[in-house]
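Asker: Numbering (this note's numbering), first residue to last: 8 to 247.
Input: one structure, supplied below.
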């Protein structure tokens, strides 16, 4: 039987330290030089061991700071009640509230507006019943305990581009009118380059895509697309 590569032996030993709690979540790991000295190997071997740990999802590297034991993500379930869904559409604030309820005093969910602009989005414009392709797009990011969790893109008719997003209300709550969902859909996709950058996930990681159209008085008002980290969030529909 071939002998196990030294870097894998080192990665296994460090992984055991993480699993037993000897290395705590958020703790900074020794440098490659320190690991090389500890295990009596070349620095490149220590580097390969760190690559193995990153692939296993046990550590994360922060630019200019080093490698740290990865914190276990806090998984949040959002319950959808189909009987009230049409008249009380769950917005990102419900997801934040669900997280805060699960996390207790130690948790925090914060949504920030990343940007807004008039852009061409033919699919969204068609759902909104617009003559052209131009919509007003507002992009937000929900962080949970500082970890990126959901990127949302709200597409509004250009006539509503002046809406002010109020803290604690989210984009839909800030529209100032009673709204209802016309439809919504949920799918799953592997993370692409944009998801990797925005959600801090590995290539191919599961991303839940939640899309829908909301209306006011029968008039299409906003097309929404949310891209959620599959390791953090799940949606549950109950028919009680």
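No residue lacks a Cβ here, since even glycine has one placed at the ideal position from N, Cα and C.
Small disclaimer: the values here were computed from a predicted structure and weren't measured.
Does DSSP put residue 134 in a helix, a strand or coil?
Answerer: DSSP places residue 134 in helix when its eight states are reduced to three.
Asker: Under 8 Å between the Cβ atoms of residue 60 and residue 18?
Answerer: Going by C-beta atoms, residue 60 is nearer than 8 Å to residue 18.
Asker: According to DSSP, is residue 73 part of a helix, a strand, or is it coil?
Answerer: The answer is strand: DSSP assigns residue 73 an E or B state.
Asker: For the beta strand (DSSP E) containing residue 144, name the first residue and the last one.
Answerer: Here the beta strand (DSSP E) through residue 144 covers 141-151.
Asker: To which residues of the same chain is residue 235 closer than 6 Å at the C-beta, ignoring the five residues directly before and after it?
Answerer: 157 and 215.
Asker: Counting C-beta neighbours from all protein chains within 10 Å, is the total for residue 219 16 or more, i.e. buried, or is it exposed?
Answerer: Counting Cβ neighbours within 10 Å, residue 219 comes out buried, since at least 16 surround it.
Asker: Rounded to whole angstroms, what is the Cα-Cα separation between residue 134 and residue 29?
Answerer: Cα to Cα, the separation comes out at about 53 Å.
Asker: How far does the beta strand (DSSP E) with residue 236 in it reach, from first residue to last?
Answerer: Run containing residue 236: 226-236, per the beta strand (DSSP E) assignment.
Asker: According to DSSP, simplified to helix, strand and coil, what is residue 192?
Answerer: Of the three classes helix, strand and coil, the one that applies to residue 192 here is strand, per DSSP.
Asker: Mind checking whether the beta-carbon of residue 31 lies closer than 7 Å to any heavy atom of the ligand FAD?
Answerer: For the ligand FAD, the structure offers nothing, since it holds no ligand at all.
Asker: Can you say whether residue 27 is buried or exposed, counting buried as having 16 or more other CB atoms within 10 angstroms of its CB?
Answerer: Per the 10 Å Cβ criterion, exposed.
Asker: Specify whether the segment 181-188 and the segment 223-230 touch according to this definition: at least 3 beta carbon pairs, one from each stretch, less than 8 Å apart.
Answerer: Yes, since at least three Cβ pairs between the segment 181-188 and the segment 223-230 fall closer than 8 Å, the two stretches touch.
Asker: Using a Cβ-Cβ cut-off of 7 Å (strictly less than) and excluding sequence neighbours within five positions of residue 121, which residues of its own chain qualify?
Answerer: The residues are 146, 147 and 148.
Asker: Exposed or buried, residue 159, counting other C-beta atoms within 10 Å across all chains shown (16 or more means buried)?
Answerer: Classification of residue 159: buried, given that the 10 Å Cβ count is 16 or more.
Asker: As a quick exercise: from 43, 48, 195 and 66, pick the residue whose alpha carbon is nearest that of residue 24.
Answerer: Answer by Cα proximity: 66.
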